[in-house]
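Report on the following structure.
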Amino acid sequence: MPDKDGGVASSTAPQGPIVDTANTPTMTSAKAIARGPPPEKPEAIRTRSRVIFAFWAVIIFLGIPIWWQTTSIYRASIPVDEMIAWADGKVCRPVFPLEIVVQTPSMQASDAQHLVRTTQHALDDLNEFSAHHLRLKLADSSPQGDNSTNSITAERGDNEQKADVALTVRLLPQDNLGAPTSELHSYSTELDIFYPPNHVPLPSSSNPPLSTFIADELQSLFSEEQATITHILSQGNNAGSSLQQAANAQQPARNAFSPQLMESISRRLTKSLKYAETYHLTISLFTPGYDPSSWDIEAAIQEYLTPLLDALSPISNFSVDTQVQLYASFSPTAPLPEYDEAQGAWTLKKEDLSAFINAAEWPLSPSIGAGPTIEFVLYVPAPSQSPLVVKESGATSWLIPQWGGVAILNPPLTPENPYNPHHLSKESLESSFLTFSHQLLTLLGTPSTPPSLPFRLQTLIRIRAANLLLSASSTMGSLARLTQSLPSIPIPATVATSISTTLSHLAATCTHLKEGRFSAALATARVAEKEAERSFFEKSMVGQVYFPDEHKVAVYLPLLGPIGVPLVISLMKELKRIVADRKAKKSLRS
Numbered sequence: 001m002p003d004k005d006g007g008v009a010s011s012t013a014p015q016g017p018i019v020d021t022a023n024t025p026t027m028t029s030a031k032a033i034a035r036g037p038p039p040e041k042p043e044a045i046r047t048r049s050r051v052i053f054a055f056w057a058v059i060i061f062l063g064i065p066i067w068w069q070t071t072s073i074y075r076a077s078i079p080v081d082e083m084i085a086w087a088d089g090k091v092c093r094p095v096f097p098l099e100i101v102v103q104t105p106s107m108q109a110s111d112a113q114h115l116v117r118t119t120q121h122a123l124d125d126l127n128e129f130s131a132h133h134l135r136l137k138l139a140d141s142s143p144q145g146d147n148s149t150n151s152i153t154a155e156r157g158d159n160e161q162k163a164d165v166a167l168t169v170r171l172l173p174q175d176n177l178g179a180p181t182s183e184l185h186s187y188s189t190e191l192d193i194f195y196p197p198n199h200v201p202l203p204s205s206s207n208p209p210l211s212t213f214i215a216d217e218l219q220s221l222f223s224e225e226q227a228t229i230t231h232i233l234s235q236g237n238n239a240g241s242s243l244q245q246a247a248n249a250q251q252p253a254r255n256a257f258s259p260q261l262m263e264s265i266s267r268r269l270t271k272s273l274k275y276a277e278t279y280h281l282t283i284s285l286f287t288p289g290y291d292p293s294s295w296d297i298e299a300a301i302q303e304y305l306t307p308l309l310d311a312l313s314p315i316s317n318f319s320v321d322t323q324v325q326l327y328a329s330f331s332p333t334a335p336l337p338e339y340d341e342a343q344g345a346w347t348l349k350k351e352d353l354s355a356f357i358n359a360a361e362w363p364l365s366p367s368i369g370a371g372p373t374i375e376f377v378l379y380v381p382a383p384s385q386s387p388l389v390v391k392e393s394g395a396t397s398w399l400i401p402q403w404g405g406v407a408i409l410n411p412p413l414t415p416e417n418p419y420n421p422h423h424l425s426k427e428s429l430e431s432s433f434l435t436f437s438h439q440l441l442t443l444l445g446t447p448s449t450p451p452s453l454p455f456r457l458q459t460l461i462r463i464r465a466a467n468l469l470l471s472a473s474s475t476m477g478s479l480a481r482l483t484q485s486l487p488s489i490p491i492p493a494t495v496a497t498s499i500s501t502t503l504s505h506l507a508a509t510c511t512h513l514k515e516g517r518f519s520a521a522l523a524t525a526r527v528a529e530k531e532a533e534r535s536f537f538e539k540s541m542v543g544q545v546y547f548p549d550e551h552k553v554a555v556y557l558p559l560l561g562p563i564g565v566p567l568v569i570s571l572m573k574e575l576k577r578i579v580a581d582r583k584a585k586k587s588l589r590s
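For the sequence shown, full-length UniProt numbering gives the first residue as 1, with consecutive numbering after it.
The following block contains the structure:
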């Protein structure tokens, strides 16, 4: 009510308790937060723990064993140390003891034995490579013609294999001779030595002239073979290198191989194909026109090529295919032939021969079957470009290293008949097929000397045996090092079987070589090389080589990451809860 001054009087009536409404909600929220959620029931905790441990039990006892079983790599046991020992040349040092049978039908037994003994001493003095040595053996004194080669005066069991006879030397006396002469048969491995009757060595002579002559002739015949094997061993594994160094250290270098001979051998081996059990020969007739369109190919193969293939059958097998291609033009990028007035012929430059084959349009198959293909091309030029020769040499054939050969056939043209014949007879193909035969021998790595073809083929057997022995040994070493460097690579049981077969045949090859059985050595070396290549190029192993461990991480991480992280975190929380509960129980008890 107003006071006497006209102001408003304050109320002095007693007031009720004052309530702070602003603080009331805050206190209620704090009590709720402090109270928290209700505790979990023991049944819920046990259920959650059982679920977590059930997941991990499935992973540990079921998932991991299945994963391990399905992804584990089988590695068969292989003799790694033995394989590396073969590659390093510690198991076998190849030697080539060549057995040479000496027939002396006109000499007394004592004189013949003395001659063979002194000749052997002379050969040993000339030989500088101990791995390749000639062993002279005296045949039976009673002359038996050619069959006496098989009667060697060495006591062997009936079931034991005899060494191959590399050469048969027949000593034949001949009057009116001032000095000994020799003649090597062209179609056999026989060497005739004609000597004056007064050159029969006396028992007291230590170095008779006849022995020196025979030793020089034999050394000359086998010089290219010795140089070739020396080159192969020196370029092969450590066994060949160490063997060559030991051989060079044992003998003086007075009769060392000439650099020209070693260079020629290197070029020949570079041109030759790698050894194969089977080769496929493709003989093709190409002509830029419509003639010739037929040829006596079957008769020509039977007459000029089959005898050579039969002679090569102990080394390799051959199949022959033929084809005729008309309107076979030169490649657009190849230089065209030019007419040379001095030679009166169309010419191809030597540097242009590599572009002669029109690989884009001529149907030349690179391979037929499992073995390599050797191509022989017979080209008949158009009448407007005939005759066609090589400008620098005037030759009508050339060799393409490790591929095949080409021969140009220029039919005789006359003003009365200026066209190519419609049919090529067997006689017109003779020169071309003889050229193909020579090219085939070169591509197979046959030595160029001496002129006797059987002699050269026997040399080729020994060369191929040495090549295959070193190649299979090197493959074994490479495979062993590969399995050591890649622990994750599988080794199937088939690979272990092939390795065992390879090593057993390598040992057999080494034994055959030491005992002079070169044909048997080639047969076992062929099996060893085949099995070694099969084991090294096993499909399952080759696939794992290009699948590193980083790829496995890239595969597993996106799959296991989203699943593994929640499982690990939940397991860690559960383990932490169990540890906390145990600590709490211990504190209550204390």
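Note that beta-carbon positions come from the ideal geometry of N, C-alpha and C, so glycine has one too.
From residue i to residue j, what distance separates their C-alpha atoms?
i           : j           : result
residue 422 : residue 380 : 11 angstroms
residue 576 : residue 38  : 20 angstroms
residue 596 : residue 55  : An answer regarding residue 596 cannot be provided, because it is not within the stretch 1 to 590 covered by the chain.
residue 578 : residue 70  : 36 angstroms
residue 49  : residue 78  : 49 angstroms
residue 40  : residue 484 : 57 angstroms
residue 279 : residue 257 : 32 angstroms
residue 110 : residue 174 : 20 angstroms
residue 336 : residue 412 : 22 angstroms
residue 561 : residue 45  : 26 angstroms
residue 451 : residue 466 : 23 angstroms
residue 64  : residue 564 : 13 angstroms
residue 308 : residue 298 : 15 angstroms
residue 269 : residue 446 : 9 angstroms
residue 463 : residue 206 : 34 angstroms
residue 126 : residue 137 : 18 angstroms
residue 505 : residue 525 : 6 angstroms
residue 433 : residue 318 : 16 angstroms
residue 497 : residue 92  : 21 angstroms
residue 326 : residue 414 : 23 angstroms
Please tell me whether residue i and residue j are closer than 8 angstroms, where the distance is taken between their beta carbons.
i           : j           : result
residue 509 : residue 469 : yes
residue 100 : residue 75  : no
residue 285 : residue 372 : no
residue 360 : residue 289 : no
residue 572 : residue 490 : no
residue 86  : residue 473 : yes
residue 329 : residue 358 : yes
residue 331 : residue 355 : yes
residue 388 : residue 443 : no
residue 374 : residue 503 : no
residue 314 : residue 420 : no
residue 88  : residue 516 : no
residue 399 : residue 283 : no
residue 407 : residue 449 : no
residue 340 : residue 271 : no
residue 394 : residue 343 : yes
Less than 7 angstroms between C-beta atoms, sequence neighbours within five positions excluded: which residues of the same chain meet that for residue i?
i           : result
residue 211 : 115, 118, 119, 122, 201
residue 180 : 193, 194, 195, 199, 210, 213
residue 316 : 276, 277, 278, 279
residue 622 : The structure shown does not extend to residue 622, since the chain spans only 1 to 590, so no value can be given for it.
residue 183 : 192
residue 425 : 296
At least one CB of chain B closer than 8 angstroms to the CB of residue i: is that the case?
i          : result
residue 57 : As a matter of chain content, chain B is missing from the structure shown, which is built from one protein chain.
Let's test the definition: count the other Cβ atoms within 10 Å of the Cβ of residue i and tell me whether it reaches 16, buried, or not, exposed.
i           : result
residue 169 : buried
residue 208 : buried
residue 53  : exposed
residue 176 : exposed
residue 369 : exposed
residue 557 : exposed
residue 260 : exposed
residue 404 : buried
Can you name, in chain order, every residue of its own chain whose Cβ lies under 8 angstroms from the Cβ of residue i, other than the five neighbours on each side?
i           : result
residue 132 : 95, 96, 98, 222, 225, 226, 229, 230
residue 167 : 98, 100, 101, 189, 190, 191, 218, 221, 455
residue 80  : 480, 483, 484
Using C-beta distances below 6 angstroms, list every residue in its chain close to residue i, excluding the 5 sequence neighbours before and after it, in chain order.
i           : result
residue 188 : 454
residue 352 : 335
residue 588 : none
Can you find a heavy atom of the ligand GTP that lies under 7 angstroms from the Cβ of residue i?
i           : result
residue 475 : The ligand content of the structure shown is nil, which means the ligand GTP is not present either.
field: Secondary structure, alpha helix (DSSP H): runs of 4+ residues fully inside the segment 381 to 444
entry: 430 to 443
task: Give, in chain order, every unbroken run of the alpha helix (DSSP H) that is at least 4 residues long and sits entirely within the segment 54 to 132.
output: 64 to 71, 80 to 87, 109 to 126
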